[in-house]
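Peer 1:
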Amino acid sequence: MRRYYCISGFIALLVFMTGCMTFSGDKLAELEPIKPLLSPIIETTVSPEYQYDIDVMQVVTRNKDGRMVNDRVIKMLWQDKGYISDSNYVELGNFTGNADYNLTLSGRHSVDSSTAMQIISGLTLMLIPYTVDQEYDLIYTLENVKTGRTYTAKAYETEAMVGWLLFFPALPFSMLGSMHAIEHLSEHIYQDFVRQGAFAPDSGSENNSH
1 MRRYYCISGF IALLVFMTGC MTFSGDKLAE LEPIKPLLSP IIETTVSPEY
51 QYDIDVMQVV TRNKDGRMVN DRVIKMLWQD KGYISDSNYV ELGNFTGNAD
101 YNLTLSGRHS VDSSTAMQII SGLTLMLIPY TVDQEYDLIY TLENVKTGRT
151 YTAKAYETEA MVGWLLFFPA LPFSMLGSMH AIEHLSEHIY QDFVRQGAFA
201 PDSGSENNSH
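Residue numbers for the sequence shown follow full-length UniProt numbering, so the first one is 1 and each next one is one higher.
Take a look at the structure:
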């Protein structure tokens, strides 16, 4: 959780320095967290089918972006809520067999923005706003290591960032939209797995129950 706040604080600082505000989409309803029956250990990886589409300068690889998505959507929020006790990344095909569940990310994360508008906004000292739109079309495949049973959960949400001079005073609220979008994805994916019977005492993870 400390790492989550550090990352969020760093992002918020960057947002403040550039006068930005984030807004969550409304594709997913807000769900209340549920009480977990187990807090298993999971290992995560990124499928080669995962797509990272970005119209602005790409500074991270497809696999790195997938790992960052997993950290935000799965590791940080699921651990904070007690849904899992630990989460470790492994290279594709290198699951150790020591976790209770293996989780693989596929789907797509796209980032769309007009480079021309960003340049114009910069030249006008952000008097003219610019936008960065993101889409998360995520597919997760969960495997119970003990039983071999697999589950699939999908979630789609959008997020928008607006860079504008008038947003400079909005530091305390600048990342709320982004955080809400990620929370929507995280909770829907977890509860979808639970509805399918994953993370239950009779699903092969009794050794890690509370």
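Glycine is no exception: its CB is placed at the ideal position from the N, C-alpha and C atoms.
According to DSSP, is Arg108 helix, strand or coil?
Peer 2: Correct three-state label for Arg108: strand.
Peer 1: Restricting to Cα atoms, I'd like to know which of His109, Leu92, Asp100 and Glu157 is closest to Glu187.
Peer 2: Per the Cα distances, Glu157.
Peer 1: Can you say whether His210 is buried or exposed, counting buried as having 16 or more other CB atoms within 10 angstroms of its CB?
Peer 2: Reliability fails at His210, whose pLDDT of 38 lies under 50, so the model's placement of it is uncertain and no value is given.
Peer 1: Does Phe10 pass the burial test, meaning 16 or more other C-beta atoms within 10 Å, or should it be called exposed?
Peer 2: In this prediction, Phe10 scores a pLDDT of 44, lower than 50, which makes its location untrustworthy; the coordinate-derived value is nonetheless stated afterwards. By the neighbour-count rule (16 or more Cβ atoms within 10 Å), Phe10 is not buried but exposed.
Peer 1: Please name the residue in Val111, Lys81 and Ile128 whose C-alpha comes closest to that of Val59.
Peer 2: Answer by Cα proximity: Val111.
Peer 1: Please classify Glu30 as buried or exposed, where buried requires at least 16 neighbouring CB atoms within 10 angstroms.
Peer 2: Exposed, since its Cβ has fewer than 16 Cβ neighbours within 10 Å.
Peer 1: Helix, strand or coil for Ser205 per DSSP?
Peer 2: Reliability of the predicted coordinates at Ser205 is poor, the pLDDT of 46 falling under 50, and no value is obtained from them.
Peer 1: Check whether the Cβ of Asp112 lies closer than 8 Å to any heavy atom of the ligand SAM, and answer yes or no.
Peer 2: This structure lacks the ligand SAM; in fact it carries no ligand of any kind.
Peer 1: Would Asp80 be called buried (16 or more neighbouring beta carbons within 10 Å of its own) or exposed?
Peer 2: Exposed: under 16 other Cβ atoms inside 10 Å.
Peer 1: Could you spell out where the alpha helix (DSSP H) holding Val69 opens and where it closes?
Peer 2: Val69 -> alpha helix (DSSP H) spans Arg62 to Asn70.
Peer 1: Can you pull the DSSP bridge partners for residue 212?
Peer 2: Only positions 1 to 210 of the chain appear in this structure, which leaves residue 212 out of reach.
Peer 1: Can you say whether Ile34 is buried or exposed, counting buried as having 16 or more other CB atoms within 10 angstroms of its CB?
Peer 2: With fewer than 16 other Cβ atoms within 10 Å, it is exposed.
Peer 1: Cα-Cα, which of Leu142, Val56 and Pro48 is closest to Ile42?
Peer 2: Per the Cα distances, Leu142.
Peer 1: Between which two residues does the alpha helix (DSSP H) holding Ser178 run?
Peer 2: Note, Ser178: alpha helix (DSSP H), Leu176 to Arg195.
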